[in-house]
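**Student:** Mind looking over this structure? Questions follow.
2 protein chains.
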Amino acid sequence: MSVRLVSVDWGTTSLRLKALDGVGEVIAQRASALGILNCGVRGFAEVLEDELAGLLDGRVRRSDGGFPALPVLMSGMIGSRQGWQEAPYLRCPAAPGDIADGLLTVAAASDELAALDIRIVPGIDTMGGGDGSGPDVMRGEETQVLGATMLEGLSEGVFLIPGTHSKHIVVESGRITGFRTFMTGEVYAALLDHTILGRLAGGRDHDAGGFERGVAAARAAYEAGAASGDFLNLIFSARTRVLTGGLDEGAVASYLSGLLIGAELMSDKSAKGQAMRLIAGEALAARYREAAAAAGVQVMAVEGEIVAAAHWAIAAEAGMI
Amino acid sequence: MSVRLVSVDWGTTSLRLKALDGVGEVIAQRASALGILNCGVRGFAEVLEDELAGLLDGRVRRSDGGFPALPVLMSGMIGSRQGWQEAPYLRCPAAPGDIADGLLTVAAASDELAALDIRIVPGIDTMGGGDGSGPDVMRGEETQVLGATMLEGLSEGVFLIPGTHSKHIVVESGRITGFRTFMTGEVYAALLDHTILGRLAGGRDHDAGGFERGVAAARAAYEAGAASGDFLNLIFSARTRVLTGGLDEGAVASYLSGLLIGAELMSDKSAKGQAMRLIAGEALAARYREAAAAAGVQVMAVEGEIVAAAHWAIAAEAGMI
């Protein structure tokens, strides 16, 4: 069983390596919290060496201890200004071929890595539209979306990748034609930790009833035609519903979470009634499914080796394998 | 020149006392940062004694050092659970007569204060409407609005009191019929201090160009029909416009401020094309006027002794003077 490609998903706070065999199947994997912000003084080259050694576990190693000629494809924040080497953004619309053409080759920083063919997938930017959406940027999500289109056999759709910065990405004719970032996760944390809304919040455990009521509040506002500035009013209800006896303190955090996720889901009109394709880990996917159900929005989870599938396809297109 | 009423505006972080003569004119005043959160171990009674002594400056004092029988009317957070004594909320709609009937008499806590007739104006609450607006509460703003209607001779209008928690208050037939809180000031600070948006912000000085561009971004989103969840996307432009070279780091804070204030102003449809009456200190009034001009919203500042005028009228209605 030989390794044909190493797929590296290197984000801000996590690092995931997967070894793919000759048909693109994952035959070994390794994950850690060694995201680009957590590599400290060791540096990216040393971290990659150690993680690769752990991943490959003697499978492929030259007699002198260095790694053999093997393609390594990385995506995520490793290609940002704070990462290993900055991979300039590709401009929307971007097709898989554009991404393969835009790979950045990393100059190996050590003897051990010298024989590897290490490349980074570029991020994508957009200048935004005339609809008030601004310019936007992403790194890593373009790869997830490409992988999802491949696994699902889709050439059209709206993909939703929730998180600290939730991304809504539109694919038309197989190309990424636009996307928007919603600061849902980060705003949730800032509101709860650094505004008066946190004062009456009695814990962060998930409270299904509170969450659903938050989504319902977002939905009622949406259906009443609430504008973006109404958000600043809507969130205050996480305090006043407690003061007026309608919400338990233990449900405040979940109420606020439901309110934000519900508002995020309903504001996206790009799916035009089709189901949005949800790409998320289990816990977050569960929240977004709950919110979608209460908000009357269709979502459908995409599962599988999304990043590995994209890396395999891009590596093939770029002639790395 | 004798003092007929002492007007006390006692908020979270400030305390303002005014002595009114027999026709309700302000003849002496005193202001400090001794809001209810800043009174510490001294307690409210002692702070009031000292501030009253300073305000009246020997004008009215009994031979034993106590204050004579004099009406003292207070409004603001002093009537909250964290204040001196909790004055239960009145429910909307509330007329001036309801407020006068709802005054809470404070049991004097010291010999010096024993002869005074000290009362607190109740706050107002609302259960919200079917339009997605939640329940809401205010303390102090009801008094400002009453004063403004008196100074301007109005019985109808939408009043805007900006700040950490900006209040939009609707008056119909001389009664407060509804209001909403927008967390504009507090969300601005939380976003700038505790999210990624602050990382590229190069200072807080007012940048008129950046501010206006923020308002314009809010306006473009509004005109494109942005919903409340789009707020979570809109704010991200305070980062991406810097990354893509369109905004200077020194203008980020003002851009974000313009974006939030612009969004707040445009989301209020209750004024129905009439000018909103703006009640604010000089600096904040200037920002809101700038934002309103750029957003195409009408505002008109109300100036004068708003709180004193309201206290005078309420005291008369309640038979205190």
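Quick mapping for you: the protein sequence lines, in order, are chains A and B. Under the working numbering, the first sequence has 31 at position 31, and the numbering climbs by one with no breaks. Just add 1000 to wherever you are in the second sequence, counting from 1, and you've got the working numbering. In this text, a Cβ means the ideal position worked out from N, Cα and C, and glycines have one as well. Being a predicted model, the structure only gives us computed values, none of them experimental.
(1) If you measure from the beta carbon of Asp57/A to each beta carbon in chain B, is any gap under 8 Å?
(2) Look up Ser1267/B in the DSSP assignment and say whether it is helix, strand or coil.
(3) Using CA coordinates, which residue listed in Gly1178/B, Ser1080/B, Ala1031/B is at the minimum distance from Thr1126/B?
(4) Which runs of the alpha helix (DSSP H) at least 4 residues long sit entirely within the region 1222 to 1294 of chain B? Give them in chain order.
(5) Which residue comes first and which comes last in the beta strand (DSSP E) that contains Phe1044/B?
(6) Report, in whole angstroms, the separation of the C-beta atoms of Arg1239/B and Ile1196/B, which I expect to be a contact under 8 Å.
(7) Look at the alpha carbon of Met276/A and the alpha carbon of Leu55/A, and state the distance between them as a whole number of angstroms.
(8) Residues in the region 1209 to 1230 of chain B with C-beta within 9 Å of chain A's C-beta atoms, listed in sequence order?
(9) At a Cβ threshold of 8 Å, is Met77/A touching chain B?
(10) Whole angstroms are fine: how far does the CA of Gly22/A sit from the CA of Val242/A?
(11) For the candidate residues Leu1005/B, Ile1036/B, Gly1024/B, Val1026/B, whose alpha-carbon lies nearest to that of Ala1015/B?
(12) Can you round the beta-carbon distance between Val158/A and Ala271/A to whole angstroms, since I take them to be within the 8 Å contact cut?
(13) What first and last residue would you give for the alpha helix (DSSP H) that runs through Val187/A?
(14) Closer than 8 Å, Cβ to any Cβ of chain A: which residues of the region 1257 to 1290 of chain B, in chain order?
(15) To the nearest angstrom, how far is the alpha carbon of Gly1129/B from that of Ile1099/B?
(16) Grouping DSSP H, G and I as helix and E and B as strand, with all else coil, what is Met1300/B?
(17) Please list, in chain order, all residues of the same chain as Leu70/A whose beta carbon is under 6 Å from its beta carbon, the five residues on each side excluded.
(18) Measuring alpha carbon to alpha carbon, tell me which residue in Gly229/A, Gln29/A, Gly202/A is nearest Asp248/A.
(19) Determine, for Val145/A, whether the minimum Cβ-Cβ distance to residues of chain B falls below 8 Å.
(20) How many whole angstroms separate the CB atoms of Ser166/A and Thr149/A, which I take to be in contact at a CB cut-off of 8 Å?
(21) Going by DSSP in three states, Arg213/A sits in which element: helix, strand or coil?
(22) With distances taken Cα to Cα, identify the nearest neighbour of His358/A among Gly43/A, Gly97/A, Gly134/A.
(23) I'd like to know whether the C-beta of Thr1013/B is nearer than 8 Å to at least one C-beta of chain A.
(24) What ranges does the beta strand (DSSP E) occupy inside the region 1122 to 1160 of chain B, keeping only unbroken runs of at least 3 residues that lie completely in it?
(25) What residues of chain B sit near Ile196/A, judged by a beta carbon separation below 9 Å?
(26) Below 8 Å on the Cβ atoms is my guess for Glu112/A versus Phe67/A; work out the distance and round it to an integer in Å.
(27) Starting from Glu1317/B, trace the beta strand (DSSP E) both ways and give me its first and last residue.
(28) Counting only Cβ pairs nearer than 7 Å, list the residues of chain A close to Leu1243/B.
(29) Could you compute how far the alpha carbon of Ile161/A sits from the alpha carbon of Asp1009/B?
(30) Quick one: which chain B residues come within Cβ less than 8 Å of Gly246/A?
(31) Go ahead and pull the three-state DSSP assignment for Val1003/B.
(32) Taking all protein chains shown into account, decide if Ala1308/B is buried (16 or more other Cβ within 10 angstroms of its Cβ) or exposed.
(33) Please confirm whether Leu200/A has its beta-carbon closer than 8 Å to some beta-carbon of chain B.
(34) Counting only Cβ pairs nearer than 7 Å, list the residues of chain A close to Asn1038/B.
(35) Step through the CB atoms of chain E and report whether any lies within less than 8 Å of the CB of Ala1293/B.
(36) Whose CA, out of Gln1029/B, Gly1011/B, Thr1013/B, Thr1012/B, lies closest to the CA of Leu1005/B?
**Tutor:** So, from the listed chains and residues:
(1) Locating residue 57/A in the first sequence gives position 57, counting from the first residue. Output row for Asp57/A: interface = no.
(2) The count along the second sequence starts at 1 and reaches residue 1267/B at position 267. Here Ser1267/B sits in helix by DSSP.
(3) In the second sequence, residue 1126/B corresponds to position 126, counting from 1. The shortest Cα separation from Thr1126/B among Gly1178/B, Ser1080/B, Ala1031/B belongs to Gly1178/B.
(4) 1231 to 1234, 1237 to 1243, 1252 to 1267
(5) The residue you call residue 1044/B lines up with position 44 of the second sequence. Looking at the DSSP string, Phe1044/B is not in any beta strand (DSSP E); the run it does join, the alpha helix (DSSP H), is 1044 to 1056.
(6) Within the second sequence, the letter at position 239 stands for residue 1239/B. Within the second sequence, the letter at position 196 stands for residue 1196/B. Rounded, the Cβ-Cβ distance is 6 Å, consistent with contact.
(7) Here residue 276/A refers to the residue found at position 276 when the first sequence is read from its first residue. Here residue 55/A refers to the residue found at position 55 when the first sequence is read from its first residue. One C-alpha to the other measures close to 34 Å.
(8) Ala1217, Ala1218, Arg1219, Ala1220, Ala1221, Tyr1222, Glu1223, Ala1224, Gly1225, Ala1226, Ala1227, Ser1228, Gly1229, Asp1230
(9) In the first sequence, the residue the question calls residue 77/A occupies position 77. No - not a single Cβ of chain B is within 8 Å of the one on Met77/A.
(10) As a working mapping, residue 242/A is identified with position 242 in the first sequence. As a working mapping, residue 22/A is identified with position 22 in the first sequence. Computed Cα separation, rounded: 58 Å.
(11) Counting from one through the second sequence, the residue named residue 1015/B turns up at place 15. Inspection of the sequence shows that residue 1015/B is occupied by Leu rather than by Ala. Looking at the Cα atoms, Ile1036/B is the closest of the given residues.
(12) Numbered from 1 along the first sequence, position 158 holds the residue referred to as residue 158/A. Numbered from 1 along the first sequence, position 271 holds the residue referred to as residue 271/A. Their Cβ separation, rounded to whole angstroms, is 4 Å, which keeps Val158/A and Ala271/A in contact under 8 Å.
(13) In the first sequence, the residue the question calls residue 187/A occupies position 187. Segment 184 to 194, the alpha helix (DSSP H) holding Val187/A.
(14) Leu1260, Gly1262, Ala1263, Glu1264, Leu1265, Met1266, Ser1267, Asp1268
(15) Along the second sequence, one-based indexing puts residue 1129/B at 129. Along the second sequence, one-based indexing puts residue 1099/B at 99. When rounded, the distance between both Cα atoms is 22 Å.
(16) The residue given as residue 1300/B occupies position 300 in the second sequence. The answer is strand: DSSP assigns Met1300/B an E or B state.
(17) Within the first sequence, numbered from 1, the residue matching residue 70/A stands at position 70. For Leu70/A, where only same-chain residues beyond five positions count, the Cβ hits under 6 Å are Leu116.
(18) The residue labelled residue 248/A in the question sits at position 248 within the first sequence. Selected option, being the one with the closest Cα: Gly202/A.
(19) For the purposes of this step, residue 145/A is taken as the residue at position 145 of the first sequence. Answer no: the Cβ-Cβ gap between Val145/A and chain B never drops below 8 Å.
(20) Taking the first sequence and counting its residues from 1, the one referred to as residue 166/A is at position 166. Taking the first sequence and counting its residues from 1, the one referred to as residue 149/A is at position 149. So it is not a contact: roughly 19 Å between Cβ atoms.
(21) If you number the first sequence from 1, residue 213/A lands on position 213. Three-state DSSP puts Arg213/A in a helix.
(22) This structure gives no information on residue 358/A, because the portion of chain A shown stretches from 1 to 321.
(23) The sequence position of residue 1013/B within the second sequence is 13, counting from 1. Not an interface residue.
(24) 1124 to 1126, 1136 to 1138
(25) Here the question's residue 196/A lines up with position 196 in the first sequence. Going along chain B in sequence order, the residues near Ile196/A (Cβ under 9 Å) are Thr1164, His1165, Met1183, Glu1186.
(26) As a position in the first sequence, residue 112/A is number 112, starting the count at 1. As a position in the first sequence, residue 67/A is number 67, starting the count at 1. Between Phe67/A and Glu112/A the Cβ distance is about 6 Å, and since that is below 8 Å, they are a contact.
(27) If you number the second sequence from 1, residue 1317/B lands on position 317. Looking at the DSSP string, Glu1317/B is not in any beta strand (DSSP E); the run it does join, the alpha helix (DSSP H), is 1306 to 1317.
(28) Reading the second sequence from its first residue, position 243 is the one you call residue 1243/B. By Cβ distance, chain A contributes Val137.
(29) Counting from 1 along the first sequence, the entry for residue 161/A is found at position 161. Counting from 1 along the second sequence, the entry for residue 1009/B is found at position 9. Approximately 49 Å between the Cα atoms of the pair.
(30) Counted from its first residue, the first sequence places residue 246/A at position 246. Residues of chain B passing the Cβ test: Pro1135.
(31) As a position in the second sequence, residue 1003/B is number 3, starting the count at 1. Val1003/B falls in the coil class under three-state DSSP.
(32) By 1-based counting over the second sequence, the position of residue 1308/B is 308. Ala1308/B is buried by the Cβ-count criterion.
(33) Taking the first sequence and counting its residues from 1, one reaches residue 200/A at position 200. No, Leu200/A lies away from the interface with chain B (no Cβ there is under 8 Å from its Cβ).
(34) Mapped onto the second sequence, residue 1038/B falls at position 38. Within chain A, no residue comes near Asn1038/B; the closest Cβ sits about 17 Å away, beyond 7 Å.
(35) No chain E appears in this structure, whose protein chains are A and B.
(36) Here residue 1005/B corresponds to residue number 5 of the second sequence, with the count starting at 1. The option with the nearest alpha carbon to Leu1005/B is Gln1029/B.
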